[in-house]
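*Asks:* Okay, handing you the structure first.
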Amino acid sequence: MGAAAGPKIALFTTYTSDYQAGPLCSRVNQAYATRHGYGWVEAVGDPSRRRAAGHDPPARHPTWDKVSLLLELLDGLLAGASPRGLSPATTHLLWIDADAVVLRHERRLEELLDSLPADVELLIG
Numbered sequence: 017m018g019a020a021a022g023p024k025i026a027l028f029t030t031y032t033s034d035y036q037a038g039p040l041c042s043r044v045n046q047a048y049a050t051r052h053g054y055g056w057v058e059a060v061g062d063p064s065r066r067r068a069a070g071h072d073p074p075a076r077h078p079t080w081d082k083v084s085l086l087l088e089l090l091d092g093l094l095a096g097a098s099p100r101g102l103s104p105a106t107t108h109l110l111w112i113d114a115d116a117v118v119l120r121h122e123r124r125l126e127e128l129l130d131s132l133p134a135d136v137e138l139l140i141g
């Protein structure tokens with residue numbers, strides 16, 4: 017019997033098109049994901065969909081777009097689909113803020129995962 021397959025990782029981010037740092041950081045993080053064979057999802061929202069309070073339906077701040085995207089990805093993966101082009105074999109999702117970049121591209125996420133106890137299912141840091 018062969019060794020167990022390692023994790024299949026995907027990174028994801030979202031921002032609105034009026035956020036100048038978004039595309040810059042996204043390019044850096046996509047390069048990191050590509051280098052290591054990770055999936056990559058970038059969702060760019062329309063800032064004009066924000067509405068003043070009191071409108072129906074009420075507007076949500078774009079910060080909440082990450083939750084919607086996470087639910088979309090999880091729903092698709094759990095259904096065996098390929099949401100936004102991700103492999104249906106994806107086992108780990110990593111959110112990265114739109115203003116954050118991976119600085120040490122030589123380091124793999126598996127190094128972090130390997131250092132965690134086996135029962136860890138959610139890591140926030």
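Be aware that the sequence shown starts at 17, since it is given in my numbering, and climbs by one per residue.
Ideal Cβ placement from N, Cα and C applies to all residues, glycine included.
Rounded to the nearest angstrom, what separates residue 17 and residue 130 at their Cα positions?
*Replies:* Only weak support is given to the placement of residue 17: the predicted model assigns it a pLDDT of 46, under 50, and the question is left unresolved by the model.
*Asks:* Please state whether the Cβ-Cβ distance between residue 30 and residue 61 is less than 8 Å.
*Replies:* Result yes, Cβ atoms of residue 30 and residue 61 sit closer than 8 Å.
*Asks:* Pick out whichever of 132, 24, 32 has its Cα sitting closest to the Cα of residue 76.
*Replies:* Taking only the C-alpha atoms, the option nearest residue 76 is 32.
*Asks:* Residue 107 lies in the alpha helix (DSSP H); which residues open and close that run?
*Replies:* First-last for residue 107: undefined, no H or E at that position.
*Asks:* Rounded to whole angstroms, what is the Cα-Cα separation between residue 43 and residue 115?
*Replies:* Cα-Cα distance, rounded: 11 Å.
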